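> Residue numbers (the numbering used here): 50 to 245.
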């Protein structure tokens, strides 16, 4: 259940990020509409508990089944899951810091200020790129496992690799968008000041 709730949130979060292709204003407008549904104490508490549960249970299952996984997709599931745990802890912590300590609107400017500040883009571009790729690798691994009784192995593997390819394509597109390739992005000073 927690994975489905997080999955629904991530779906809308990624749709929101794809709005960067239309510019920062389009991204912010989508985000403000999306926030009407989750930016309240009940929804945010449920989301945070779901993230905490997924991270803890994921790390537990990695530890419990260590050395028992075989095949590329099973091993990729572990690596992507551990990366997602790292990303979720960092990302949620950064958003909470931005909102409650730095007292900033944690909009797209907050999320991508590091992309536009030397030398921080050397960290943030791969950090975000691999988070989206890891998500799709994890989904591909889950699809492969969940469909094992429904679809032949050869087709399952091809579909899993297609899911990974879509993730790489989406992540590349987002990184280009966050770097201002599709529209000009000027980071307001209150956001770039975080990195000074």
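Glycine included, each C-beta is placed from N, C-alpha and C at the ideal position. None of the values given here were measured: they were computed from a predicted structure.
For residue 175, report the span of its alpha helix (DSSP H) as first-last.
Residue 175 -> alpha helix (DSSP H) spans 170 to 195.
> Assess, as a yes-or-no matter, whether the segment 206 to 214 is touched by the segment 160 to 168 under the definition of 3 or more beta carbon pairs within less than 8 Å.
Touching, no.
> Residue 142: buried (16+ other C-beta within 10 angstroms of its C-beta) or exposed?
With fewer than 16 other Cβ atoms within 10 Å, it is exposed.
> What residue does the alpha helix (DSSP H) around residue 222 start on, and which one ends it?
Counting along the chain, the alpha helix (DSSP H) containing residue 222 begins and ends at 202 to 227.
> Fully enclosed by the segment 116 to 154, which alpha helix (DSSP H) runs are 4 residues long or longer?
Runs found: 121 to 149.
> Can you tell me the Cα-Cα spacing of residue 138 and residue 97, whole angstroms?
Cα to Cα, the separation comes out at about 10 Å.
> Please report the straight-line C-alpha distance between residue 177 and residue 223, rounded to a whole angstrom.
Their backbone Cα atoms lie some 9 Å apart in a straight line.
> In the structure shown, what three-state DSSP assignment does residue 245 receive?
DSSP places residue 245 in coil when its eight states are reduced to three.
> When you compare the CB positions of residue 181 and residue 213, do they come within less than 8 Å of one another, or not?
No, Cβ-Cβ distance for residue 181 and residue 213 is not below 8 Å.
> Am I right that residue 69 and residue 227 are in contact with their C-beta atoms under 8 Å? What's the rounded C-beta distance?
The pair is a contact, with the Cβ atoms about 6 Å apart (cut-off 8 Å).
> Counting beta carbon pairs with one atom in the segment 151 to 164 and one in the segment 61 to 78, are three or more of them shorter than 8 Å?
Yes: at least three Cβ pairs fall under 8 Å.
> Helix, strand or coil: which one does DSSP assign to residue 51?
Residue state, collapsed to three classes: helix.
> Among 67, 184 and 225, whose alpha-carbon lies nearest the alpha-carbon of residue 130?
It is 184.
> Buried or exposed for residue 119, please, with buried defined as at least 16 other CB atoms from any protein chain shown within 10 angstroms of its CB.
Exposed.
> Out of 149, 174 and 150, which has the shortest C-alpha to C-alpha gap to residue 160?
The residue with the shortest Cα to Cα distance from residue 160 is 174.
> Please say whether residue 51 and residue 99 have beta carbons closer to each other than 8 Å?
Yes. Within cutoff.
> Using the Cβ count rule (16 or more neighbours within 10 Å means buried), how would you classify residue 202?
Exposed.
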